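Here the sequence shown is numbered in my numbering, starting from 72 and rising by one per residue.
Just so you know, even glycine gets a beta-carbon here, dropped at the ideal spot from N, CA and C.
Note that the structure is predicted; figures quoted are calculated from it, not measured.
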Amino acid sequence: NACDLVCIPSRNEPFGLVLLEAWSAKRAVVASDVGGLSENIDNFKNGIKVYPTSDSIAWGINYVINDATGLKKLGEEGYKTVKKRFTWPTVAKTTLKTYKKVL
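Okay, structure coming up:
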């Protein structure tokens, strides 16, 4: 909780548990536009997606830290995303739906 934003510069990220941890702490996220990070971040709403290059990551970090209101809003929206999509009851319901489709 001692940071203002979390940067996830992964080149490959199947899901992104760090993303959920950052959102649970209401922190803004700047993350590479890859894998599970890309699937879960709504760009400029609950996080900032960047290319996995140093210039793009630096741009994303600067974009966020130069807008204190936006920084806080990204963290709040991320928290809402966790509460809406990643609670155990929601995950269980989604898993059950998937099993029912397959069977």
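A residue is called buried once 16 or more other Cβ atoms fall within 10 Å of its Cβ, and Val121 is buried on that count. Separation of the CB atoms of Ile136 and Cys78 is rounded to 11 angstroms, and the pair is thereby denied contact status at 8 angstroms.
The C-beta distance from Trp94 to Gly149 rounds to 3 angstroms, short enough to meet the 8 angstroms contact threshold. Counting along the chain, the unbroken alpha helix (DSSP H) around Leu90 starts and ends at 88-95. By the criterion of a C-beta distance shorter than 7 angstroms, Ala96 is surrounded in its chain by Asn72, once the five residues flanking it on both sides are discounted. Cβ-Cβ distances below 8 angstroms link Gly106 to Ser81, Asn83, Glu84, Pro85, Phe86, Gly87 in the same chain, with the five nearest sequence neighbours on each side left out; the list follows chain order. Looking at Ser103, Glu92, Leu167, Thr152, the one whose alpha-carbon comes closest to that of Asp126 is Ser103.
Here Ile112 carries a coil assignment [DSSP, helix/strand/coil].
Inclusion of Leu91 and Val153 in the CB contact set at 8 angstroms is warranted, their separation being smaller than that value. With contacts defined as CB atoms closer than 8 angstroms, Gly131 and Val173 fail to qualify as a contacting pair.
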